[in-house]
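If you use our numbering, the sequence shown corresponds to residues 57 to 349, in order. Here a beta-carbon is modelled for each residue, glycine too, at the ideal position from N, C-alpha and C. In what follows, a structure is listed as structure tokens, so that the remarks can point back to it.
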Amino acid sequence: MSAIRRRDDRRAAWWFLLPVLVGFAVFYGYPAIRGIWYSVTDYSLINTPTYVGADNYAKLAGDAEFWNSLMVTGWYVVLNIGSQTLLALGIATLMHRLTSSLVLRATLLLPWLVPNVTVGLLWVWLLDTNLGFVNHLITAIGLSPVGFFTDATWALPSIAAVNTWAYTGYTALLLYAGMLQIPQYLYEGAAIDGAGEARMFRSITLPLLRPVLAMVLVISLIGSFQIFDTVAVATRGGPVSATRVIYYYIYQQAFNYFNMGYAAAAAICLALILGVLTAVQMRLLRASSSDLA
């Protein structure tokens, strides 16, 4: 009887999973297979795909613009993940140790709920060199205006700062949810032994938060490599390719120059890079294990 019941439950589970599996196959599986096929063809919107083998990949290997876009993306990832994670950890720790206000949590989530294009436009207006409110404050104290999106030195850090503002609250809430799983008696025992907040953070919070922190870092890594909206709205890859990240490079190849096959090859390379970086990150952070056991 138990064997029959298990088989019935398994069959019911597959029926519940079927809509998700169909959706995944239609919207992810089939496009991925098509993308792999296009990556080995010479294809634009106006001609039939012609098989060229590994020519697109060989061309990518010698394309200085492709490697430059990867370098720009890597620098952006370092800036964005570093600032976002540190700020989110600080905010989550303050909420965990000082307050659990529902209003505060809702407020933190608001920037994440705003569409990326809207966020980009908002900060373009605020940081405009001539008319922006931020530069108005800078000139009011006697300093020269800063070209946040027009100066090659400031453009990429400004893009990273905008996205840090947009996503830090969401990241902080994920970390806060992980902190809530840490038993309170550990903090109480440490406090009785005379440990301060800094010592408890280093010895209790960080080690026990590792699985959640690993998940947050993986999500942040993938999201940072996929940065597009803010760049498209604020800088369009400029000035002088200073913000031309890999996603924007692929977009240009596909929809500006109509090199669909070449853009597909670049996208496949990006997917492979993300897969390797995610696997390395998960292994280094030992994401599948927890010190709570």
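Where residue i sits in the DSSP three-state scheme
| i | result |
| --- | --- |
| aspartate 285 | helix |
| tyrosine 107 | strand |
| threonine 299 | coil |
| threonine 291 | coil |
| tryptophan 70 | helix |
| proline 75 | helix |
| methionine 57 | Confidence at methionine 57 is low in this model, with a pLDDT of 46, below 50, so its placement is unreliable and no value can be given for it. |
N- and C-terminal bounds of the alpha helix (DSSP H) containing residue i
| i | result |
| --- | --- |
| proline 87 | 86 to 94 |
| glycine 36 | The shown model of the chain, from 57 to 349, leaves out residue 36, and the question about it has no answer. |
| proline 213 | 208 to 235 |
| alanine 319 | 316 to 340 |
| leucine 242 | 240 to 248 |
| arginine 258 | Where arginine 258 is concerned, there is no enclosing alpha helix (DSSP H), given that its DSSP letter is neither H nor E. |
Spatial neighbours of residue i in its chain, beta-carbon cut-off 6 Å, leaving aside the 5 residues before and after
| i | result |
| --- | --- |
| glutamine 309 | Asn315, Tyr318, Ala319 |
| alanine 290 | Gly176, Val180, Phe205 |
| isoleucine 147 | Ala228 |
| glycine 245 | none |
| leucine 236 | none |
Residues of its chain near residue i, where Cβ-Cβ distance is below 8 Å and the 5 sequence neighbours each way are ignored
| i | result |
| --- | --- |
| threonine 106 | Thr97, Asp98, Tyr99 |
| alanine 335 | none |
| histidine 192 | none |
Residues of its chain near residue i, where Cβ-Cβ distance is below 7 Å and the 5 sequence neighbours each way are ignored
| i | result |
| --- | --- |
| tyrosine 303 | Gln282, Ile283, Phe284 |
| alanine 144 | Thr224, Thr227, Ala228, Leu231 |
| tyrosine 132 | Leu212, Ile215, Ala216, Ser280, Ile283, Val301 |
| serine 125 | Arg300, Val301, Ile302, Tyr305 |
| serine 95 | Asn112, Gly317, Ala320, Ala321, Ile324 |
| threonine 129 | Phe281, Val301, Ile302 |
| proline 75 | none |
| threonine 149 | Phe257, Thr261 |
Nearest-angstrom beta carbon gap, residue j and residue i [assumed within contact, 8 Å]
| i | j | result |
| --- | --- | --- |
| threonine 220 | serine 139 | 5 Å |
| glycine 234 | leucine 265 | 5 Å |
| leucine 160 | methionine 151 | 7 Å |
| tyrosine 241 | isoleucine 260 | Wrong, their Cβ atoms sit about 11 Å apart, outside the cutoff. |
Distance cut-off 7 Å: residue i Cβ against heavy atoms of the ligand GTP
| i | result |
| --- | --- |
| tyrosine 226 | By its list of ligands, the structure shown contains no ligand whatsoever, and the ligand GTP lies outside what it can speak to. |
Checklist entry - Which full runs of the alpha helix (DSSP H) of 4+ residues lie inside the stretch 162 to 188, going along the chain? => result 172 to 182
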